[in-house]
Amino acid sequence: MFFRPDVILSTGGYGSIPACIAGRLLQLPLVIFLPDIEPGLAVKFESRIATHIATSTKNNNTNLSKKKLSVTGYPVRKRFNELTTDSARITMGLEDNETVLFV
């Protein structure tokens with residue numbers, strides 16, 4: 001069985017380069033999503049053959065083609081936007097006076 005994708009989506013990393021090159025050889029569109037502030041070496045390489053580059057913030061678009069670039073934000077499920085500090089503390093069993101460091 002042969003699977004032919006419609007598009008290649010990359011977030012970088014050295015493991016993504018072969019897939020991006022293969023996609024280019026198959027004339028597939030390549031979309032890069034850059035969640036980091038600084039693009040890594042793989043993204044810098046892939047950006048040359050990318051159809052479109054999406055970034056999470058406007059601060060991380062240095063040295064990338066402005067014609068291909070758009071700021072899309074970081075995708076987050078809607079339910080995370082609906083949480084409040086109080087409901088999170090109740091769910092996690094934390095007291096109001098406890099200090100919380102979220103990483």
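For the sequence shown, position 79 matches number 79 in the UniProt record's numbering, and the numbering has no gaps at all. Backbone N, C-alpha and C fix where the C-beta goes; we use that ideal spot for every residue, glycine too.
Would you mind stating whether residue i and residue j have Cβ atoms separated by less than 8 Å?
i: Ser10; j: Glu46; result: yes
i: Val76; j: Ala54; result: no
i: Pro5; j: Leu28; result: yes
i: Ala50; j: Tyr14; result: no
i: Ser56; j: Pro35; result: yes
Please state the DSSP three-state secondary structure of residue i.
i: Phe33; result: strand
i: Thr91; result: helix
i: Leu83; result: coil
i: Lys78; result: helix
In the DSSP assignment, the beta strand (DSSP E) including residue i goes from what residue to what residue?
i: Val71; result: Leu69 to Val71
i: Ser10; result: Ile8 to Ser10
i: Ala54; result: His52 to Thr55
From the options, pick the residue whose C-alpha is nearest to that of residue i; which is it?
i: His52; options: Asn63, Asn59, Lys67 and Thr91; result: Lys67
i: Lys44; options: Ala22, Pro18, Gly12 and Asn59; result: Gly12
i: Ile37; options: Gly73, Phe2 and Ser16; result: Gly73
The alpha helix (DSSP H) with residue i in it runs from where to where?
i: residue 104; result: Given that the chain is displayed from residue 1 to residue 103, the structure contains no residue 104 and the question cannot be resolved.
i: Gly23; result: Ile17 to Leu25
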